[in-house]
Ligand code: F6R
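Residue numbers (my numbering): 12 to 260.
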């Protein structure tokens, strides 16, 4: 696990963009696992900029998003599908047939979850998985619990997650309570993981992820078991880390 601290949000976004650019140089037809939320907004902007400069080509790339709210139509401005199309997909040369977004209108629909896992498997798994982290240590919407799910599943969002996500909605009551999310298996099977975190609200979760015993009560701690994780942090998110973690290889 490599831990890198940078000065600010822009540098974090540029660094993550460098890692994606390198990945696509090595393999044009890479399978990217993508995240949404506030953390990667700057990264998508930077990737679009590099695409327009002719530095990155997305034509052969396939994407799998981590998660989606249940109860929002895909054209709702706060849906993750809308987020991805407006910020990224519509602005680069990705083939729409290679874009995969989990979607389900009801939490009980096992078919949608199974179909998503099947697509992931058929694609051959993820080359590079991009992650943010929740203040409670969730990755995707794998929320802290006494057990974690391997496969795509329906998640009841925790109170902390709904509170954190309320900033994107006009009313607290509008925040969806459920989501469909990739499980822990495809995340941990990704050949390379890049996790970004920015801001003091993430400092505690980042410390727990790297310095606490592995536990389903802190899903991101499972990344300690992965041999190729790069964590890019701004100074605020890194504030609680002991100096020795920066020497991890
Ligand atoms: C989003 C996702 C979530 C977010 C996390 C942090 O697709 O999978 O795990 O990465 O909730 O969200 P932000 O970046 O808004 O702080």
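All C-beta atoms, glycine included, are put in the ideal place defined by N, C-alpha and C.
For the pair residue 142 and residue 151, the Cα-to-Cα distance works out to about 7 Å. Per DSSP, residue 14 is not a residue of any alpha helix (DSSP H); the beta strand (DSSP E) it occupies stretches across 13-17. Setting aside the 5 residues that flank it on each side, residue 70 is surrounded in the same chain by 39, 104, 105 and 106, each with a C-beta closer than 8 Å to its C-beta; the list follows chain order. Beyond the five residues adjoining it in sequence on each side, residue 99 comes within less than 6 Å, by CB distance, of 55 in the same chain, given in chain order. Linking residue 18 to residue 214 through their CA atoms gives a straight-line distance of about 14 Å. Within the DSSP secondary-structure output, residue 165 pairs in a beta bridge with 191. Between the region 72-83 and the region 40-59, the count of C-beta pairs closer than 8 Å reaches three or more; the two stretches touch. Contact between the region 191-205 and the region 120-136 is present: three or more C-beta pairs spanning the two stretches fall below 8 Å. Secondary structure note for residue 80: its beta strand (DSSP E) is the uninterrupted segment 78-80. By the neighbour-count criterion, in which a residue is buried when 16 or more other Cβ atoms sit within 10 angstroms of its Cβ, residue 88 is exposed. Taking a cut-off of 8 Å on C-beta distances, the region 164-179 does not touch the region 236-245, as fewer than three cross pairs fall below it. Looking at the backbone, the Cα of residue 47 and that of residue 66 are separated by about 23 Å. Collapsing the DSSP output to three states places residue 241 in a strand. The way I'd put it, the region 195-205 does touch the region 157-166; three or more beta-carbon pairs between them come closer than 8 Å. Distance from the CA of residue 86 to the CA of residue 255, rounded to the nearest whole angstrom, comes to 45 Å.
With respect to the 9 Å criterion, residue 21 and residue 53 are classified as neighbours on the basis of their beta carbons.
Within the same chain, 148, 155, 219, 220 and 223 come within 7 Å of residue 229 by CB-CB distance, once the 5 residues on both sides are set aside. Annotation: the continuous beta strand (DSSP E) that includes residue 203 extends over 203-208. Residue 243 holds the alpha-carbon nearest to the alpha-carbon of residue 25 among 80, 243, 177 and 138.
Residue 31: member of the alpha helix (DSSP H) spanning 20-37, first to last residue.
With a threshold of 16 other beta carbon atoms within 10 Å, residue 253 falls short and is exposed. In the displayed model, residue 105 falls within coil according to three-state DSSP, outside both helix and strand. Residue pairing by DSSP places residue 139 opposite 43 and 203 in a beta bridge.
Under the criterion of beta carbons closer than 8 Å, residue 245 and residue 95 do not qualify as touching, at roughly 23 Å.
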